[in-house]
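Student: Take a look at the following structure, please.
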Amino acid sequence: MARSFRAATPIRRFLYLLIDDDHRAHTLRKIDTTPFFAAGVYPQHGSVSPAAMRPTLLPPPVARFESPPGDCFAQFFPLGRGVEKIVGINEHRYTMICDTRTMAVRAGPDLRHDKRLHQPPSWAEVGDRRPPTDDREPRIISFADCGASSGGVIRVSTRLGGTYAFDTARGSWRREGDWTLPFEGRAQYVADYGLWFGFSNSDRGGFGLRAANFEGGRPVQRHLWPDVDGIADHADEWYTGDDYLSYLGAGRFCVTRFLTSTKDFLHIAVVTALEATLAAGSEELHMVRKASRCYHFSKVF
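In the UniProt record's numbering, the protein residues as written are 1 to 301.
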């Protein structure tokens, strides 16, 4: 018999979807995840075709961010563990901050440097220092954020191999070794489990989910869940975009995948709820797939 994990971390209820409406504006949608985990939602198994999923209407916008000609916000970032704020940044160093609890919007401080880069590397200079990556290929393919056992260290891995660590207290970089993180993109630390969770780098498209911790300064895999949302069999039908893993607290996760149809270039977002459970008398962590929703749109960031 399996039992659900119940931690002290409060459950985060909402996901936020930011959409470019092609009219020099971005709209913010707030998705309530409560129905994904409702008592009547049974575990899902097997393959799922996004094309066969019934479209779910997007919730109405809770905020709209407009930009004057030639001065659009190019990047948006969540701020805080529960996405308490969303920060927008443009190429002229201007910032805006939206409080997701009150929907109040205000201007933020200007950045120190312009963000207009004709050949942008994938790293960002921190503390006026860049990571000591191989100059032939500085592109970062994965990174792990700070965790309780990392000592305030952010780790990044490059495409040609090699992992580097940034000490947030000292503001300095160091080379960790020739190994790479076992993730695709971001791995986030979940304190409830003392593990980093992220998409696996061992399968095409990153459809698997992996959990690992660090021992002796190197990552050690603890759990691997292949094809976690059941759409890997239909990968050839879609151009894959960005994927996001969100931890909602109390063992609840959501996977959000942005896909574009290879047939008619339809843009969709597939959101899948996952719930972590522990088998009785075992430390083996299972990831149970719950409800999925498919949203259609024109463009998303």
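Think of the CB as a built atom: it goes at the ideal place given N, C-alpha and C, for glycine as much as any other residue.
Taking the alpha carbon of F183 as the reference point, which residue from T158, W173, P109, D167 has its own alpha carbon closest?
Tutor: Answer by Cα proximity: T158.
Student: Beta-carbon separation of P59 and K290 under 8 Å?
Tutor: no
Student: Within the continuous beta strand (DSSP E) that includes L160, where are the two ends?
Tutor: Note, L160: premise wrong, no beta strand (DSSP E); not H, not E.
Student: Would you decide whether S202 is buried or exposed? Buried here means 16 or more other CB atoms lie within 10 Å of its CB.
Tutor: exposed
Student: With DSSP as the reference, identify every bridge partner of C294, one or two as the case may be.
Tutor: P55, V270
Student: Here's a check: name, in chain order, each residue in its chain whose Cβ is nearer than 6 Å to the Cβ of L111, leaving out the five neighbours to either side.
Tutor: R93
Student: Decide yes or no for the touch test of the region 181-199 against the region 230-241: beta carbon pairs closer than 8 Å, at least 3 of them.
Tutor: no
Student: So what does DSSP say about E215, is it helix, strand or coil?
Tutor: strand
Student: Taking all protein chains shown into account, do 16 or more other C-beta atoms lie within 10 angstroms of the C-beta of V255, making it buried, or fewer, making it exposed?
Tutor: That one is buried.
Student: Report yes or no: do the region 275-286 and the region 15-26 share at least 3 C-beta pairs separated by less than 8 Å?
Tutor: Segments in contact, no.
Student: Where does L57 land, buried or exposed, given buried means 16+ other C-beta within 10 angstroms?
Tutor: L57 is exposed by the Cβ-count criterion.
Student: Buried or exposed: where does D264 fall if 16 or more other Cβ atoms within 10 Å of its Cβ makes it buried?
Tutor: exposed
Student: For the region 212-227 against the region 31-39, do three or more pairs of beta-carbon atoms, one drawn from each stretch, fall closer than 8 Å, so that the two count as touching?
Tutor: Segments in contact, no.
Student: For P55 and H296, which I take to be in contact (beta-carbon distance under 8 Å), what is that distance rounded to the nearest angstrom?
Tutor: 5 Å
Student: Just the C-alpha distance for G208 and G88, rounded to the nearest angstrom, thanks.
Tutor: 30 Å
Student: Let's test the definition: count the other Cβ atoms within 10 Å of the Cβ of W179 and tell me whether it reaches 16, buried, or not, exposed.
Tutor: exposed
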